[in-house]
Each structure stands twice: as C-alpha cells, then as structure tokens.
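This report refers to the structure that appears directly beneath it.
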Amino acid sequence: MIAGMSPAPVADLHLHSLHSDGVLAPAALMRLAAERGVERAALTDHDTLEGCAEAASAALAVGLRFTAGVEVTASWNAQTVHIIGLQPRLDDGALQAHLAAIREQRRQRLLDIGERLEHRTRGARKPVPGRTLATLACASSPVPTRLHLARALVEAGFSADVGAAFDEWLGHGKPGYLAEHWPSLEATLAVLRSAGAEVVLAHPHRYRLSSGALRRLLEEFTAQGGCALEVGVAGISPNDLDRLATLARRYGLAASTGSDFHDPAVPWNPPGRFAKLPADLETVAARLR
Ligand code: AMP
Ligand code: MN
Ligand code: MN
Ligand code: MN
2 MIAGMSPAPV
12 ADLHLHSLHS
22 DGVLAPAALM
32 RLAAERGVER
42 AALTDHDTLE
52 GCAEAASAAL
62 AVGLRFTAGV
72 EVTASWNAQT
82 VHIIGLQPRL
92 DDGALQAHLA
102 AIREQRRQRL
112 LDIGERLEHR
122 TRGARKPVPG
132 RTLATLACAS
142 SPVPTRLHLA
152 RALVEAGFSA
162 DVGAAFDEWL
172 GHGKPGYLAE
182 HWPSLEATLA
192 VLRSAGAEVV
202 LAHPHRYRLS
212 SGALRRLLEE
222 FTAQGGCALE
232 VGVAGISPND
242 LDRLATLARR
252 YGLAASTGSD
262 FHDPAVPWNP
272 PGRFAKLPAD
282 LETVAARLR
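Per the working numbering, the very first residue in the sequence shown carries number 2; after that it's consecutive.
Right, dumping it as structure tokens:
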C-alpha cells in the first residue's frame with residue numbers, strides 16, 4: 002500500500018440470493034456479508050432484479066454500502082456468457098422486459114433438458130425421471146437454472162452432490178446437455194447501458210474460448226460500452242489472475258471483485274472471499290455511487 006492511502010474497501014460485487022439460484026433471502030445475505038467484513042455488496046441474481054429492494058434496506062440497517070445488480074445470460078458466438086450490470090435503473094421497462102423473456106426461456110429450456118435426460122436414460126438400469134425433476138426445479142424458483150435441476154438430481158439420489166450432477170448429467174457433452182441461444186452480447190449491452198448500468202464481464206476465465214476468441218470478445222465488449230472485467234474472483238489460479246489483469250490493462254477495462262456466493266453449505270466462496278487485485282488496476286467499485 003502507498004503511504005497515506007487507505008486500502009480499497011472490500012467490495013463483493015457478485016452475490017446470489019434465493020431470487021435466482023442462491024439459497025439465502027436478500028436480507029440474510031446482506032447480514033452475512035457484513036459479518037464477514039464486506040464493506041460494499043452488490044446483489045447480482047441471474048436475470049432478475051427482484052431481491053434488490055429487500056437487500057438495499059437490509060444493507061442500510063447493517064451499515065453496508067449496497068449496489069443493485071443483475072447477472073444477465075447472453076450468447077456470444079455460440080458461447081454462453083454472463084454479463085453483470087451494476088446500478089441499473091430498477092424501473093427501466095426495456096431491461097425488465099429483457100429479463101422476463103430470459104426467465105421464460107430458462108423455464109422452457111429446463112423442461113427440454115428434463116425431457117432429454119428422460120429420453121436418453123430410458124431403458125437404463127436407473128432411468129432418470131427428467132420431466133418430473135425439471136418440473137420440480139421450475140416450481141422451486143422464478144429463475145430456474147441448471148443448479149436447481151442439479152439439486153433435484155441430488156435430492157432424488159442420482160448424484161452425490163451438485164458438482165457431480167454437472168459432471169454426470171448436465172455438463173458439456175453429458176446426457177442432459179443442450180446447446181443454448183440467449184440474447185446476443187450486443188443486445189444485452191445495449192439494454193443494460195440504456196438502463197444506466199456499469200457493465201462487467203463475469204468470470205472471463207471460465208468460458209470455453211481460445212485466447213484469440215477471448216480477445217475478440219473483449220474487443221466487442223469494450224466497443225459496445227462494457228467497462229470492467231471480473232478479475233478478483235474466488236478460487237482463481239495465479240496464472241488466470243495474471244492473464245485477466247493483463248487483458249484488463251490492454252483493453253482499458255476496470256477490474257471487479259466478487260465471490261459468486263450462492264450457498265453457505267459450499268465452503269470455498271463465502272461472501273468476501275476472492276482474489277486480491279493487482280494494485281495498479283482501476284476498480285469498478287470506485288465508479289459506483
Ligand atoms: P444455468 O445458468 O442454468 O446454465 O446454470 C448455471 C448455474 O449452475 C451457475 O450459475 C452456477 O450457479 C451453477 N453451476 C454451473 N456449473 C456448476 C458446477 N460444475 N458445479 C456446481 N454448480 C455449477
Ligand atoms: Mn448461479
Ligand atoms: Mn455466472
Ligand atoms: Mn454468478
């Protein structure tokens with residue numbers, strides 16, 4: 002740290018509540034974040050802003066600075082990418098309509114995955130009642146994700162834990178894997194920018210992209226008004242951290258930090274736990290209200 006400068010506040014800008022595939026209510030999530038030393042928290046549920054009002058008042062009560070957010074599902078060149086919008090106008094009609102359409106697509110996709118699982122395991126020693134499990138998963142959340150279906154598979158005894166459910170059933174190339182086509186990167190950035198959001202590309206190291214393709218993605222992301230890359234994430238390797246920091250500098254992007262917390266039963270990414278940013282990077286937190 003440079004003498005006389007105070008350390009940057011701990012900003013966890015990637016958190017999920019039960020409004021998508023997290024398990025805590027927004028108020029409980031904010032209290033846990035504050036207890037764990039987080040100083041600024043963003044609620045970034047998948048494809049919904051529903052929990053933001055509750056989180057905002059709970060954060061106020063515990064002295065935590067709060068940022069409303071959303072993690073939007075998008076497609077770029079057949080790759081699913083997650084785009085985080087921070088502090089959008091919550092009453093923006095175009096953004097609300099965009100998110101509602103994705104939620105409807107998610108519901109249909111989960112039912113399609115369930116049908117595929119059932120079809121692919123018909124006649125097997127232990128056939129998967131995929132349609133029933135998908136219906137249960139859809140009923141369990143207004144934003145049904147594969148994590149809900151993974152939990153239903155675990156609950157019904159088809160996998161030992163959710164990680165195994167992805168490895169055995171839902172992941173790329175597995176019986177329940179379906180190609181997906183979400184709204185484009187361009188449409189996603191346009192709707193987030195017009196709602197006044199700061200736009201962050203989530204977990205860039207996790208996409209199945211070559212380094213050349215990732216550079217092309219970042220060129221388009223930057224040209225379309227994206228402002229930051231998630232660099233300080235939980236569990237990232239030193240090598241990936243270094244690679245993302247280099248890309249942030251190269252494209253003039255700010256850096257974001259966040260745990261991607263979903264569930265207190267998962268020990269490795271509680272709120273506030275993520276890799277420290279190299280000191281020279283501009284933080285997205287510094288741009289927030
Ligand atoms: P979806 O957006 O419906 O494709 O669901 C993806 C969600 O499932 C992510 O947001 C994670 O919360 C979770 N997820 C994805 N892969 C895994 C995995 N291997 N183990 C546990 N959770 C996962
Ligand atoms: Mn998730
Ligand atoms: Mn994500
Ligand atoms: Mn997330």
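Yeah, the Cβ is synthetic: ideal placement off N, Cα and C, and Gly gets one too.
If you compare alpha carbons, which of the options is closest to residue i?
i	options	result
CYS228	GLY177, PRO272, LEU248	LEU248
ALA125	GLU283, PHE159, ILE85, SER141	PHE159
ALA95	ALA60, ALA188, ALA56, TYR208	ALA188
SER18	VAL63, ALA12, GLU40, GLY70	GLY70
LEU289	ALA280, SER238, GLU199, ILE237	GLU199
ALA138	HIS149, LEU61, ALA191	HIS149
LEU186	LEU44, ASP162, GLN80, ALA59	GLN80
ALA12	GLY233, ALA224, HIS99, SER195	GLY233
ARG250	VAL82, ARG147, LEU230	LEU230
SER260	ALA43, ALA29, ARG32	ALA43
PRO128	ALA161, PRO176, VAL144, GLN106	PRO176
GLY174	GLN225, SER76, ARG209	ARG209
PRO184	ASP281, GLY131, ARG107	ARG107
GLU181	LEU134, ILE237, VAL82	VAL82
ASP281	ALA246, PHE275, ALA266, TYR252	ALA246
LEU190	GLY52, SER211, ALA224	ALA224
GLU291	THR136, ALA26, GLU51	No information on residue 291 is available, as it lies outside the stretch 2 to 290 that the chain covers here.
VAL144	PHE262, ALA276, ALA28, ASP46	ASP46
THR146	PRO27, LEU219, GLY172	GLY172
ALA65	TRP77, LEU91, ALA28, ASP92	The sequence as given places Leu at residue 65; Ala does not occur at that position. Comparing Cα positions, the closest option is ALA28.
HIS15	LEU61, THR68, ASP92, ALA54	THR68
Among all the DSSP beta bridges, which residues are the ones paired with residue i?
i	result
LEU202	ILE84, LEU230
ALA42	ASP13, PHE67
GLY259	VAL234
VAL73	ILE84
THR223	In DSSP, THR223 forms no bridge with anything.
SER160	Answer is none; SER160 lacks a bridge partner.
THR122	Paired residue(s): none; THR122 is not in a bridge.
THR284	ALA256
SER185	SER76
GLY47	A small fix is needed here, since residue 47 is His in this sequence, not Gly. DSSP output for HIS47 lists GLU72 as bridge partner(s).
With residue i and residue j assumed to form a contact (beta carbons below 8 Å), what rounded beta-carbon distance in angstroms separates them?
i	j	result
ASP264	LEU179	The pair is not a contact, with the Cβ atoms about 24 Å apart (cut-off 8 Å).
PRO271	ARG37	6 Å
ALA34	GLY273	7 Å
PRO8	GLU40	Contact doesn't hold; Cβ gap of about 10 Å is too wide.
ARG104	ASP162	Actually they are not in contact, since the Cβ atoms of ARG104 and ASP162 sit about 26 Å apart, beyond 8 Å.
MET31	ALA59	4 Å
VAL201	HIS99	At roughly 17 Å, the Cβ-Cβ gap does not stay under 8 Å, so VAL201 and HIS99 are not in contact.
ARG117	GLY131	7 Å
ALA101	LEU134	Between LEU134 and ALA101 the Cβ distance is about 25 Å, and since that is not below 8 Å, they are no contact.
Count the C-beta pairs between the region 86-94 and the region 165-174 that are closer than 8 Å, then say yes if the count reaches three, no if not.
no
Just checking, does the region 237-248 make contact with the region 17-28 on the three C-beta pairs under 8 Å criterion?
no
Check whether the region 276-285 touches the region 254-261, taking contact to mean three or more Cβ pairs, one atom from each stretch, closer than 8 Å.
yes
Near ligand 4, which residues have their beta-carbon closer than 6 Å to a heavy atom?
HIS15, HIS17, GLU72, ASP261
Three or more beta-carbon pairs under 8 Å between the region 97-115 and the region 201-217, yes or no?
no
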